[in-house]
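Accompanying notes for the structure given below.
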Amino acid sequence: MTSLVLLEFDAAGIKQPSRSAVAAARKLGEVHALVAGSGLDEAAQAAARLPGVAKVLVADAPGLDHLLAEPAAALLVALAPAYSHLLAATTAVGKNIMPRVAALLDVQPISDIADVVDADTFVRPIYAGNGLATVKSADATKVITVRAASFDPVAAEGGSAAVETAAIPDLPNVSRFVSAALSKSERPELTAARVVISGGRGMQAGENFKLLEPIADKLGAAVGASRAAVDAGFVPNDYQVGQTGKIVAPELYVAVGISGAIQHLAGMKDSKVIVAINKDEEAPIFQVADYGLVADLFTALPELAAELERS
Amino acid sequence: MKILVPVKRVVDYNVKVRVKSDGSGMETAGVKMSMNPFDEIAIEEAVRLKEKGVASEIVAVSLGVPQCAETIRTALAMGADRGILVETDAELQPLAVAKLLKAIADKEQPTLIILGKQAIDDDMSATGQMLAALLDWPQGTFASKISIEGEQITVIREVDGGLETVTLNLPAIVTTDLRLNEPRYASLPNIMKARKKPIDKLSPADLGVDPAPRLITLKVSDPPKRKAGVKVGSVAELVAKLRNEAKVI
Ligand SMILES: Cc1cc2nc3c(=O)[nH]c(=O)nc-3n(C[C@H](O)[C@H](O)[C@H](O)COP(=O)(O)OP(=O)(O)OC[C@H]3O[C@@H](n4cnc5c(N)ncnc54)[C@H](O)[C@@H]3O)c2cc1C
Ligand SMILES: Nc1ncnc2c1ncn2[C@@H]1O[C@H](COP(=O)(O)O)[C@@H](O)[C@H]1O
Numbered sequence: 405m406t407s408l409v410l411l412e413f414d415a416a417g418i419k420q421p422s423r424s425a426v427a428a429a430r431k432l433g434e435v436h437a438l439v440a441g442s443g444l445d446e447a448a449q450a451a452a453r454l455p456g457v458a459k460v461l462v463a464d465a466p467g468l469d470h471l472l473a474e475p476a477a478a479l480l481v482a483l484a485p486a487y488s489h490l491l492a493a494t495t496a497v498g499k500n501i502m503p504r505v506a507a508l509l510d511v512q513p514i515s516d517i518a519d520v521v522d523a524d525t526f527v528r529p530i531y532a533g534n535g536l537a538t539v540k541s542a543d544a545t546k547v548i549t550v551r552a553a554s555f556d557p558v559a560a561e562g563g564s565a566a567v568e569t570a571a572i573p574d575l576p577n578v579s580r581f582v583s584a585a586l587s588k589s590e591r592p593e594l595t596a597a598r599v600v601i602s603g604g605r606g607m608q609a610g611e612n613f614k615l616l617e618p619i620a621d622k623l624g625a626a627v628g629a630s631r632a633a634v635d636a637g638f639v640p641n642d643y644q645v646g647q648t649g650k651i652v653a654p655e656l657y658v659a660v661g662i663s664g665a666i667q668h669l670a671g672m673k674d675s676k677v678i679v680a681i682n683k684d685e686e687a688p689i690f691q692v693a694d695y696g697l698v699a700d701l702f703t704a705l706p707e708l709a710a711e712l713e714r715s
Numbered sequence: 383m384k385i386l387v388p389v390k391r392v393v394d395y396n397v398k399v400r401v402k403s404d405g406s407g408m409e410t411a412g413v414k415m416s417m418n419p420f421d422e423i424a425i426e427e428a429v430r431l432k433e434k435g436v437a438s439e440i441v442a443v444s445l446g447v448p449q450c451a452e453t454i455r456t457a458l459a460m461g462a463d464r465g466i467l468v469e470t471d472a473e474l475q476p477l478a479v480a481k482l483l484k485a486i487a488d489k490e491q492p493t494l495i496i497l498g499k500q501a502i503d504d505d506m507s508a509t510g511q512m513l514a515a516l517l518d519w520p521q522g523t524f525a526s527k528i529s530i531e532g533e534q535i536t537v538i539r540e541v542d543g544g545l546e547t548v549t550l551n552l553p554a555i556v557t558t559d560l561r562l563n564e565p566r567y568a569s570l571p572n573i574m575k576a577r578k579k580p581i582d583k584l585s586p587a588d589l590g591v592d593p594a595p596r597l598i599t600l601k602v603s604d605p606p607k608r609k610a611g612v613k614v615g616s617v618a619e620l621v622a623k624l625r626n627e628a629k630v631i
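What follows is the structure, encoded as structure tokens:
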């Protein structure tokens, strides 16, 4: 039984959600990893250093740049016969590609697993995480996306896998990458940060997110947001934490001016420690907060920044 | 150009659903049901394309129990032209839904199919991509803006790092993200008009599809409960607790 994990990478190496997907795959047996795109030398070397990876397949073709779903799925389908499980992280890339692969293999994908019970049986959250379903797959090949927040990532270093070139199948040419407008930030990625501080509608305006910055700087935190803050245009879409945004489980999550709707809780309630700052003491966010501060955020945030600065 | 929009009947997003005491599933009896919010966005986008003269006909499709007809009526009241109900009491998973929708697409020959990016009950986020695969069409998932020019559609997608723009050959699949539009409320006259719009009824057998689920749910359990926390009186107390008690800063 061997699994193949589709990895995402950037200049800094293999992305943390992909390393969590490798951790999930290790529970299933031997692990091979796949990097796809062009100019893959560094990515292949980084993949080979992941502990627990036995082999790295390198699929080098310009048609695989940007991992468009149509060619990437064709590649995975071509590689599938050698594998019992195909996995990727539940990221925009994984969610885009893996269901397409599953349909081409005539299998039902197993989306966003939070635990591995055995080779056929997995736990996945449903209804915004209000239920944890244990599901057993009857399909020959398991096509899986992995909830990164539920699996401690494997380290970036420590392994020494063999690197092989993958044969490239005919790649469909029906879609074209035009451009990417990526948010630039010096901060850690939301899904990899040890501390996350998120603002909601209570922040009132995009510029008020500046109030979070000295605190984020001090704590090495990523900045997130509720859907309402994104819809209002305070911050870009990739800040959204929740059922339909990013799922995070940091050591510390600070929710500022966020009411605590089910959909938001779904994205952060597995955090180790939750702090809520809200002026409404009845706000549902206090029901999940370890530490609640009933206060106006416009006075509490500068105070918090000063308090952290002081010590 | 014809647009097909699959609309799913789900538990309303405001309802907090609980696990059944026997662990066999979620307690959904008697709770408010609505159209999946992402599918409202899909219908809205189709209606806007029709208002702009880009689309000529919008067909709303729902699969499931007979009450899915109500979900289709909502779509018709928002501006869809006609409905197709694939009626079954069977549990439908994305693979079966995608196969049924493929059979409908083969008959209807739409140029564009707009689905929600995710059903808020099963949280699968799979059906659109699977339908695209079965039809051998390109896919523009998690769309926050679309524009159609000639034989192509350009989709701005919400991705983890921000936004990505792709151009796809038509026919194509689009799945909606939250920022694509703000769905309208159906007006009373349009709700009245919707009553006269036709809904065709089919069964999975009519479409030659075996909808049997491939994933068997062994049990559903409650997520871990968080223990009740405390309210702190000041920022200084908060920082002290985080430092000395929780030891996270
Ligand atoms: C299909 C669907 C998917 C969704 N997905 C997500 C998702 O992924 N993530 C998500 O977050 N939401 C999601 N939502 C939206 C969710 O239902 C809520 O509407 C949203 O989370 C509310 O955001 P909020 O808490 O910032 O705003 P509100 O609910 O308006 O809360 C604002 C809070 O700020 C407090 N406040 C105001 N002023 C101050 C002040 N000066 N000082 C301190 N506190 C103040 C208020 O007391 C209030 O509690 C989704 C909804 C739907 C229908
Ligand atoms: N039973 C159904 N009837 C109609 N549309 C559906 C059904 N199931 C899924 N869909 C469509 O597929 C999208 C994604 O669903 P899912 O893959 O289950 O998260 C939904 O937003 C709908 O557009």
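For the record, the sequence lines run as chains A and B.
Just so we're aligned, residue 405 is where the first sequence starts under my numbering, counting upward by one.
Just so we're aligned, residue 383 is where the second sequence starts under my numbering, counting upward by one.
Where a beta carbon is used, it is the ideal one built from N, C-alpha and C, also for glycine.
When the beta-carbon positions are compared, LEU594 (chain A) and GLY603 (chain A) stay at least 7 angstroms from each other. Under the three-state reduction of DSSP output, ASN577 (chain A) falls in the coil class, being neither helix nor strand. If you ignore the 5 residues before and after ARG430 (chain A), its C-beta comes within less than 6 angstroms of the C-beta of GLY456, all in its own chain and listed in chain order. Going by DSSP, VAL698 (chain A) is part of the beta strand (DSSP E) stretching over 695–698.
Each of A:ALA493, A:GLN608 and A:VAL627 was checked against the Cα of SER422 (chain A), and the nearest Cα belongs to A:ALA493. Within the chosen limit of 6 angstroms, ligand 2 does not reach the beta carbon of THR549 (chain B) with any heavy atom. Every residue with a CB closer than 5 angstroms to a heavy atom of ligand 1 is listed here in chain order: A:GLY604, A:ARG605, A:GLY606, A:SER630, A:ARG631, A:ALA632, A:GLY646, A:GLN647, A:THR648, A:GLY649, A:GLY661, A:ILE662, A:SER663, A:ALA665, A:GLN667, A:HIS668, A:ASN682, A:LYS683, A:ASP684, A:ALA687, A:ASP700, A:LEU701, B:TYR395 and B:PRO419.
Identification of residues in the region 460–482 of chain B having a C-beta nearer than 9 angstroms to some C-beta of chain A yields GLN475, PRO476, LEU477, ALA478, ALA480 and LYS481, given in sequence order.
If you look at LYS579 (chain B), you'll find it isn't in any alpha helix (DSSP H); DSSP assigns it neither H nor E. Against chain B, the beta carbon of LYS540 (chain A) has neighbours under 9 angstroms at LEU597, ILE598, THR599 and LEU600, listed in chain order.
In this structure, the straight-line span from the alpha carbon of LEU701 (chain A) to that of LYS402 (chain B) is close to 39 angstroms. Using beta-carbon distances, SER403 (chain B) does not count as an interface residue toward chain A, since no partner is under 7 angstroms.
Taking C-beta separations shorter than 6 angstroms and ignoring five residues to either side along the sequence, the partners of GLU412 (chain A) in its chain run LYS419, SER422 and VAL497, following chain order. Using a Cβ-Cβ cut-off of 7 angstroms, LYS499 (chain A) counts as an interface residue toward chain B, since at least one Cβ of chain B sits closer than that to its own. Around GLY611 (chain B), the beta-carbon contacts reaching into chain A at under 7 angstroms are ALA693, ASP694, TYR695 and GLY696.
The DSSP assignment places 521–531, 534–541, 544–551 and 554–558 as complete runs of the beta strand (DSSP E) inside the region 506–578 of chain B, in order along the chain (cut-off: 3 residues). Closest in C-alpha terms to ASP556 (chain A), from the list A:GLN667, A:PRO654, A:ALA448 and A:VAL660, comes A:PRO654.
Assignment of MET383 (chain B) by DSSP, reduced to helix, strand and coil, places it in the coil class.
For PRO529 (chain A), the uninterrupted beta strand (DSSP E) run begins and ends at 525–530, by DSSP.
Residue environment analysis places THR703 (chain A) among the exposed positions, since fewer than 16 neighbouring C-beta atoms fall within 10 angstroms of its C-beta. Counting only runs of at least 3 residues, the region 618–680 of chain A fully encloses the following beta strand (DSSP E) elements, listed from N- to C-terminal order: 626–629 and 656–660.
Residue contact with chain A for SER406 (chain B): absent (no Cβ-Cβ distance below 7 angstroms to any residue of chain A). Taking C-alpha positions only, ALA515 (chain B) is separated from ALA710 (chain A) by approximately 54 angstroms. Between ligand 2 and VAL547 (chain A), a heavy atom-to-CB distance of less than 6 angstroms is absent. Contact note: ASP504 (chain B) reaches chain A through ILE530, using a C-beta cutoff of 7 angstroms and chain order.
For LEU705 (chain A), the enclosing alpha helix (DSSP H) covers residues 701–714. By the Cβ rule, the region 571–582 of chain A does not count as touching the region 608–622 of chain A, because fewer than three pairs are nearer than 8 angstroms. Looking at B:ILE502, B:ALA472, B:ILE466 and B:LYS499, the one whose alpha-carbon comes closest to that of ALA485 (chain B) is B:ILE466. A straight-line Cα-Cα distance of about 5 angstroms links ARG504 (chain A) and MET512 (chain B). Residue range 419–433 is occupied by the alpha helix (DSSP H) that includes LYS432 (chain B). Within chain A, the residues LEU586, SER587 and ASP642 have their CB atoms less than 7 angstroms from the CB of GLY543 (chain B), given in chain order. Nearest neighbour of THR549 (chain A) by Cα position, chosen from B:GLY543, B:ARG539, B:MET506 and B:GLY532, turns out to be B:MET506. If only uninterrupted beta strand (DSSP E) runs of at least 3 residues are considered, those enclosed by the region 503–555 of chain A are 514–517, 525–530, 535–541 and 546–550. Of the other Cβ atoms in all chains shown, fewer than 16 fall within 10 Å of the Cβ of GLY435 (chain B); this residue is therefore exposed.
Looking only at A:ALA585, A:GLY628 and A:ARG591, the smallest Cα-Cα distance to ARG605 (chain A) is reached by A:GLY628.
Using beta-carbon distances, SER630 (chain A) does not count as an interface residue toward chain B, since no partner is under 7 angstroms.
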